[in-house]
Every structure is written in C-alpha cells, then in structure tokens.
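Student:
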Amino acid sequence: MQRPSFTLVLSGLFLAYILHSLWTIASLFLPPTCHETSKDCIQSHLSTKPKLQFLLYLSNSANIQSQSELKFLGRWKDLDLTEAKEEQYAVTIPGLAQQRAGTLHLHAFVSPMPPPGRRYQDMISSPVAVYARAPLIESHVPQTEAFNLLGGDEQSAPRSSQPPGSDGRPVPHLRSHVPLLVLAEEAGLPRKDMPADIAAMVAQRLSPEGRYLPLLRVDQLSTRVKHLTRITAAPGEQMNVTVRLEPARLGKMRLWMQFELGMTSMQQLGFSAKDLDEVKGIFTETNMVLLLVTMFVSAVHLLFDFLAFKNDIEFWRRRSSFAGLSTKAVLWRAFSQVVVFLYLLDEETSYLVIVPMGIGTVIEIWKVFKAFHISIRWGLVPRLSFGARTSDELRTAAFDSQSMTYLSYLLYPLCAAGAVYSLLYTPHKRCVEVGREGGGESW
1 MQRPSFTLVL SGLFLAYILH SLWTIASLFL PPTCHETSKD CIQSHLSTKP
51 KLQFLLYLSN SANIQSQSEL KFLGRWKDLD LTEAKEEQYA VTIPGLAQQR
101 AGTLHLHAFV SPMPPPGRRY QDMISSPVAV YARAPLIESH VPQTEAFNLL
151 GGDEQSAPRS SQPPGSDGRP VPHLRSHVPL LVLAEEAGLP RKDMPADIAA
201 MVAQRLSPEG RYLPLLRVDQ LSTRVKHLTR ITAAPGEQMN VTVRLEPARL
251 GKMRLWMQFE LGMTSMQQLG FSAKDLDEVK GIFTETNMVL LLVTMFVSAV
301 HLLFDFLAFK NDIEFWRRRS SFAGLSTKAV LWRAFSQVVV FLYLLDEETS
351 YLVIVPMGIG TVIEIWKVFK AFHISIRWGL VPRLSFGART SDELRTAAFD
401 SQSMTYLSYL LYPLCAAGAV YSLLYTPHKR CVEVGREGGG ESW
C-alpha cells in the first residue's frame, strides 16, 4: 500500500481544521437550554413581557456622575424587540477643542415604561435598566479624494488650498451611524455548565427577581470607516447621526463577541485599520449561511493557491531546457505582476490579498531568472551572470520575437487607448495611476 504524500496529509489536516472552525461557529447558535419550571434555570426578564422604552442622551463626558450632565436626544416609546428600528437625529457640533479631545458621547438606555405619576427620565436609574455608550467624535486620517486630471469642472479638480488633514494627520470625524444590539432572548439558561461567554453576558447582570436582563451593547462589527463623516460644520451647527437598534438572539451575540475578540487579536498582530474594516464588512454585509460557505470556499481556494505555487515551483525547478517557451511572455508576466503588486501596496490593500500576490510576484521573478539562465555571483559586489542558450532555445526566441512584433501591433493601440480613456473619464488620486490603467495590467 502506497503511503500518502506529505502534501496530501497537510492538505487533509488543513481541511479538517477549517471544518472544525465552521462547526465551532455554527455551535454558537446552539446555546444550552433548560426547562422553564426547573429551579436550575435563569429565566429571561423579557419572558414577563415588560413594556420598555429606549432613551438617548448626549454628554461631553464618557463617565456620567449625575443625570444633570445628560442632554436629552430622543425617546422611543413602547419598544418592540422583534424588529430593528432606526432614527436620525440632529447633533450640535461642539467647539474645536472638544472635537480634538473626542468628548461627545452618546448614551443609550433600555428601561421600563414609567408608571403613572413618574417621569420617563427617572427610569434610567431603574434596577432593570440596561445601558450602552458610544463615542460620536473620532480622529481619523481623511481619505484622499480622487479627481479628474483633465476635467474642467470645479468638483473634479484638485483644490489649490489643501484642507487640514490632507497631509496625513488625523482630523475629527463624526460617527454618522451608531448601531446598537439588544439581546432579545426569552429562553431560560441553565445555571450549571453555562459557557463562559454566556455567563459573561447574562449572569453578571440580573434583575432583583434573579432574571437576566436584555443586554445592550454597541455593535462594533457594524461600525465602519464609511460611517465616519468629516466635521465640516462650524461649532454650534448641526450634523445628522443615525441610531439603529437591532434585536439579536443569543447565538448572534456570542458570534459577534468572538469576532470582536478576533479583531482585537488581528490589531495586536499589526493589521491596519483598513484591513480590520474590510474584515468587518465580510461579516456584517453577508448572510451567515452564505458567509460559512464563503469561508469554506475561500479556505479551499487558498489551499489550491499554495498547491499551485508548489507545483509551479517544482515544474520550473526541474526544467533545464526552455525550448518552445516564450521567454518574453515570462518577462512581461513578471513585469505585470510587479506592477499590480506595487499598486496593491500603494492602495494599502488587505494583507489577505497582498501576501498571496507577493508570493506570486517572487515566483514570477524567479521564473525570469530561470528562463534567461541568470545566476548571481556573490562577492564584494554581487554580479549577474547570463548563461548560454541552446540552439533550440535560440530558434524559439526568434519565433517569439516575430510573434510578439505582430502582437504589439494590436496591444500598443489598445494600451494607449485605455490610458487616454482613463485620463479623460476616470478620477484618479495621482498621475501614476494612469500608466497602470493602460500599461502593466494589460499584459
């Protein structure tokens, strides 16, 4: 019986790990249950069908010492936790010093409706009220605006006087969209053998009757960079902020908390804010079932990428004669790969894309050295040494030059036309992008 290869064993272990990860994610939606009549259960406060309200306040401080520091923003009566709801509010922009310090905060409360004779404001101190806080002003480096290099309109032309922050320094931005999640779970949970993440969510905040409360928290995965609006209004003027409250079951809460922990780990590993924002978009803008399928397909695609790299390297490493192979095609492919890789670096694309592209670029450059018999002589000054070609390789090079000449009659006009079209009609951040549009990627 033939023993399995190392590649087959490694691929099987990788697929087993991916399947185990998918099952772990799916198991988060299967929380432990218990009978409602059991004494070992922690019942939900929502099972009593309470009448709730949603209160929004603003303050210049993250930590509130007294209710007098809160400025009323909005109230939702008879809160329905079966469907999502959002509303837009006008927020007054503070002074420049407060903008830089990021002192504007949104405070959200889910509390009982006030009984007759009591004010709704007093209910935020109720023992069954839940609370969440979100900063509304954050410092962020503004994105470079694209413009038409030959456009004549004022909107597409670059401004002569650059606004503050265009030199790469962070400037105050207003978070125009604040997503909130509220735990809308009515099922009881067992006191024993409760998972640690569930215990951290519900067991530490109980009502006087011993029921777990509907947890309220900011949806960090849905807070995207695209929701940051640069503050252009003068102090005292108003800008719009949309507040969205979405009910979530226990499974989604658990999954979101795991993802947020993963985001923190990625940030500690050196991933940029743009990388994290793209990962957030994968999780929040995709259906969960489709997301799991996409994760499996992407993992298999990544596995096939590295298997292709392995087979490609093995094929070229064993090849000694390059008769019948177009060396110019190898050269242009390496050039195109380098151009695309540098463009991805310039655009600060996610490492999930840059790393495989970088590996492929190194392989293509190595192919050029192999195809042209180039070796490096190491010494005090490293030198390149070009080996001799065989007669079959020289005959192939002659046919290659002739075919590339005919091909250039078609490609050069297409490249020039693409560059001119891009120059006239496509907005760019800098002039170097025009050459990329018409040149490197065409090969």
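Residues in the sequence shown are numbered consecutively from 1, following our numbering.
Glycine included, every Cβ here is placed at the ideal spot set by N, Cα and C.
Bear in mind that the values here come from a model prediction, so they are computed numbers and not experimental data.
Please return the same chain residues whose Cβ sits closer than 7 angstroms to the Cβ of W316, not counting the five positions on each side in sequence.
Tutor: K367 and K370
Student: Going by other Cβ atoms of all chains shown within 10 Å of its Cβ, with 16 needed for buried, is F399 buried or exposed?
Tutor: exposed
Student: Near E186, what residues of its chain come up, given a Cβ to Cβ distance below 8 angstroms and the 5 sequence neighbours on each side ignored?
Tutor: S44, L46 and S47
Student: In the DSSP assignment, find the unbroken beta strand (DSSP E) run with A134 in it and report its ends.
Tutor: V130 to P135
Student: Using a 10 Å radius around the Cβ and a threshold of 16 neighbouring Cβ atoms, would you call L424 buried or exposed?
Tutor: exposed
Student: Please name the residue in D312, S111, G270 and G418 whose C-alpha comes closest to that of P214.
Tutor: S111
Student: When DSSP labels each residue in this structure, what does I374 get in the three-state scheme?
Tutor: In this structure, DSSP gives I374 an extended state, which the three-state scheme calls strand.
Student: Quick test of the definition: if touching needs 3 or more C-beta pairs under 8 angstroms, does the region 289-308 touch the region 340-348?
Tutor: no
Student: At what residue ranges does the region 261-327 contain a whole run of the alpha helix (DSSP H), taking only runs of 4 or more?
Tutor: 273-284 and 288-318
Student: Which residue from D80, T82, V381 and P179 puts its Cα closest to that of A108?
Tutor: P179
Student: Could you check how far apart the C-beta atoms of M253 and M295 are, in whole angstroms? I think they sit under 8 angstroms.
Tutor: Their Cβ separation, rounded to whole angstroms, is 20 angstroms, which puts M253 and M295 out of contact at 8 angstroms.
Student: Within 10 angstroms of its Cβ, does D275 collect 16 or more other Cβ (buried), or is it exposed?
Tutor: buried
Student: With a threshold of 16 other CB atoms inside 10 Å of the CB of K39, please say whether the residue is buried or exposed.
Tutor: exposed
Student: L19: which of V293, M266 and N240 sits nearest, CA to CA?
Tutor: V293
Student: Taking Cβ to Cβ, would you say F259 is nearer than 8 angstroms to Y351?
Tutor: no
Student: So who's on the other strand from P116, going by DSSP bridges?
Tutor: The partner list for P116 (beta bridge, DSSP) is empty, contrary to what the question assumes.
Student: Between which two residues does the beta strand (DSSP E) carrying E237 extend?
Tutor: Careful: E237 lies outside any beta strand (DSSP E) and carries neither H nor E.
Student: For S44, which residues does DSSP report across the bridge?
Tutor: Y212
Student: P142 by DSSP, collapsed to three states: which one?
Tutor: coil
Student: Using the Cα positions of T24 and P382, report the straight-line distance between them to the nearest angstrom.
Tutor: 52 angstroms
Student: Indicate the three-state DSSP secondary structure (helix, strand or coil) for L79 in the structure shown.
Tutor: coil
Student: Cα separation between T7 and R318?
Tutor: 18 angstroms
Student: Within 7 angstroms: the Cβ of P50 and any heavy atom of the ligand NAP?
Tutor: The ligand content of the structure shown is nil, which means the ligand NAP is not present either.
Student: Since Q220 sits in a beta bridge, which residues does DSSP pair it with?
Tutor: According to DSSP, Q220 bridges with nothing at all.
Student: Just curious, the beta strand (DSSP E) that L174 is in, first and last residue?
Tutor: V171 to R175
Student: From D305, Q53, H140 and M113, pick the residue whose C-alpha is nearest to that of S11; which is it?
Tutor: Comparing Cα positions, the closest option is D305.
Student: Compare the C-beta of S207 with all C-beta atoms of chain B and state if any pair is closer than 8 angstroms.
Tutor: Structure shown: chain B not included; a single protein chain is present.
Student: Is the region 305-314 touching the region 350-365, taking contact as three or more C-beta pairs under 8 angstroms?
Tutor: Verdict: yes, contact present.
Student: What residue ranges within the region 391-434 form continuous alpha helix (DSSP H) runs of no fewer than 4 residues, ordered along the chain?
Tutor: Segments of the alpha helix (DSSP H) lying fully in the region 391-434: 391-425.
Student: How many Å lie between P4 and L13 at the Cα?
Tutor: Spanning the two alpha carbons is a distance of roughly 13 angstroms.
Student: Using a Cβ-Cβ cut-off of 6 angstroms (strictly less than) and excluding sequence neighbours within five positions of E348, which residues of its own chain qualify?
Tutor: Cβ within range, chain order: K274.
Student: Work out the CA separation of P170 and A157 for me, nearest whole Å.
Tutor: Since pLDDT at A157 reaches only 46, below the 50 mark, its modelled position is unreliable, and the value read off the structure follows with that caveat. Each residue's alpha carbon lies about 23 angstroms from the other.
Student: For Q65, which of helix, strand or coil comes out of DSSP?
Tutor: coil
Student: Quick check on this structure: which residue in S321, L380 and D346 has the alpha carbon closest to the alpha carbon of S391?
Tutor: S321
Student: Do you know how far the Cα of I282 is from the Cα of L22?
Tutor: Between L22 and I282, the C-alpha separation is close to 15 angstroms.
Student: Would a C-beta distance cut-off of 8 angstroms place R230 and P142 closer than the cut-off?
Tutor: yes
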